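A.B. asks: Before anything else, here's the structure in question.
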Amino acid sequence: MKFRVKRWVGVFLTVGVLGVAIGFVEKKHAARTCRRIGVRIENELGNYFISESDILDLITHHGNDPLVGNEFKNIDLKSLERRIKTNKFIRTSQVSRNLKGDLLVEVQQCVPIARIVAGSAAQAGTPDAYVSQTGQVLPLSDRFTARVVLVESEYARPLLEMDFTKAEEGQPFLELFRAIDQDPFWKAQIAELYVDRNGEITFLPQVGKQVIEFGTPTEIAAKLRKLKVFYKQILPVKGWDRYRRVSVKFRNQIVCE
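Counted from 1, the sequence shown has number 193 at position 203 by our numbering; the numbering is strictly sequential.
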């Protein structure tokens, strides 16, 4: 019994000493001044929506709130993270400091997978926008244009206003955009999607003159498999200019005319 009590006393003393040591180290770090800011941007090689200067402008309020030379006790790291995420092209942000006195900023950009384009005079004034991998609607950028599938539609405004991650009608479209983006064949072959007022989709390909009727974004994997049969097995035999219309919108059928 005495041995057990002594053991627990030892544990508590160890924890206490560690707590004091950690508190001392934290206090010492808080008294350090920020000597430099390091910025790392993920997805930078494929997308150039965000630059290091953009991040520095965000965290310093365009230089009006300098951080270099300021003590870390006066720098709220979580506040900086929230400030960075006000930029819609940024998916995640993490701000930390190291023992050298560096402020480290890591951000991950949103990755666009489709661009929605208003397709009629009735939609005049509706700006184009991207849809990201995670379903966010992103504005266009003056700095960089992403090479993604175009989605033209008289249905553009409702598409741009829906929450692709939560809205029941938005999730199937997001699933289709992801399927196209993740498959190198479809990403290279499908140039444009047209969505009519009923939500039915027509593909316009990069190669070939066929108009491809996909129908509503349902049974997406099955329809894409049928369409791949058309491209891999039918066209090489019949010729690329043999058909003008192809439909995969009916279950278990490929209609070629």
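Built from N, CA and C at the ideal position, the CB exists for glycine as well.
Treat the numbers as computed from the prediction; the structure is a model and nothing was measured.
Please name the residue in Ile40, Phe163, Arg25 and Val201 whose C-alpha comes closest to that of Val211.
C.D. replies: Position 221 of the sequence shown, counted from the first residue, corresponds to residue 211. The residue asked about is misnamed: residue 211 is Ala in this sequence, not Val. Here the closest residue by C-alpha is Phe163.
A.B. asks: Select from Lys228, Glu151, Gly28 and Cys246 the residue whose C-alpha is nearest the C-alpha of Gln84.
C.D. replies: Mapped onto the sequence shown, residue 84 falls at position 94. Cα-wise, what sits closest to Gln84 is Gly28.
A.B. asks: Give the single residue among Glu61, Gly53 and Ile49 whose Cα lies nearest to the Cα of Lys75.
C.D. replies: Counting from one through the sequence shown, the residue named residue 75 turns up at place 85. The candidate whose alpha carbon is nearest that of Lys75 is Ile49.
A.B. asks: Strictly by DSSP, which residues pair up with Tyr120?
C.D. replies: Translated into the one-based positions of the sequence shown, residue 120 becomes position 130. DSSP lists Arg105 and Leu128 as partners of Tyr120.
A.B. asks: Apply the 10 Å Cβ neighbour rule to Leu89 and answer buried if 16 or more other Cβ atoms are within range, or exposed otherwise.
C.D. replies: Taking the first residue of the sequence shown as position 1, residue 89 is located at position 99. With fewer than 16 other Cβ atoms within 10 Å, it is exposed.
A.B. asks: Checking 8 Å against the spacing of the C-beta atoms, do Ile244 and Val219 come in under that value?
C.D. replies: Residue 244 sits at position 254 when you count from the first residue of the sequence shown. Residue 219 sits at position 229 when you count from the first residue of the sequence shown. Yes, the pair counts as a contact, with Cβ atoms nearer than the cut-off.
A.B. asks: CA-CA distance, Phe62 and Phe193?
C.D. replies: The sequence position of residue 62 within the sequence shown is 72, counting from 1. The sequence position of residue 193 within the sequence shown is 203, counting from 1. Each residue's alpha carbon lies about 54 Å from the other.
A.B. asks: What does the Cβ neighbour count give for Trp176, buried or exposed, with the cut at 16 atoms within 10 Å?
C.D. replies: As a first step, residue 176 must be located in the sequence shown, where it is residue number 186. Label assigned to Trp176: buried.
A.B. asks: Pop quiz: Val58 and Ala104 are said to be a contact at Cβ under 8 Å. What is the actual Cβ separation, rounded to whole angstroms?
C.D. replies: The residue you call residue 58 lines up with position 68 of the sequence shown. The residue you call residue 104 lines up with position 114 of the sequence shown. That belief does not hold up - the Cβ atoms of Val58 and Ala104 are roughly 40 Å apart, past 8 Å.
A.B. asks: According to DSSP, is Phe163 part of a helix, a strand, or is it coil?
C.D. replies: As a position in the sequence shown, residue 163 is number 173, starting the count at 1. Residue state, collapsed to three classes: helix.
A.B. asks: Should Ile106 and Asp118 be called a contact, given that it needs their Cβ atoms to be closer than 8 Å?
C.D. replies: In the sequence shown, the residue the question calls residue 106 occupies position 116. In the sequence shown, the residue the question calls residue 118 occupies position 128. A contact, by the Cβ cut-off of 8 Å.
A.B. asks: Taking 8 Å as the threshold (C-beta atoms), are Arg235 and Gln256 in contact?
C.D. replies: Absent from the structure is residue 256, since the part of the chain shown begins at -9 and ends at 247.
A.B. asks: Determine the DSSP secondary structure at Asp92, reduced to helix, strand or coil.
C.D. replies: On the sequence shown, position 102 is the one that residue 92 refers to. It is a strand residue.
A.B. asks: Express the C-alpha separation of Thr23 and Pro129 in angstroms, rounding to a whole number.
C.D. replies: Counting from 1 along the sequence shown, the entry for residue 129 is found at position 139. Counting from 1 along the sequence shown, the entry for residue 23 is found at position 33. Across the structure, Pro129 and Thr23 are spaced so that their CA atoms are roughly 37 Å apart.
A.B. asks: Output the distance between the C-alpha atoms of Asp44 and Ile202, rounded to the nearest integer angstrom.
C.D. replies: If you number the sequence shown from 1, residue 44 lands on position 54. If you number the sequence shown from 1, residue 202 lands on position 212. When rounded, the distance between both Cα atoms is 42 Å.
A.B. asks: Look up Ile31 in the DSSP assignment and give the residues it is bridged to.
C.D. replies: Working through the sequence shown from its first residue, we reach residue 31 at position 41. Answer by DSSP bridge pairing, in chain order: Val97.
A.B. asks: What is the DSSP secondary structure of Gln179, reduced to helix, strand or coil?
C.D. replies: What you label residue 179 is simply residue 189 of the sequence shown in a count that begins at 1. Gln179 falls in the helix class under three-state DSSP.
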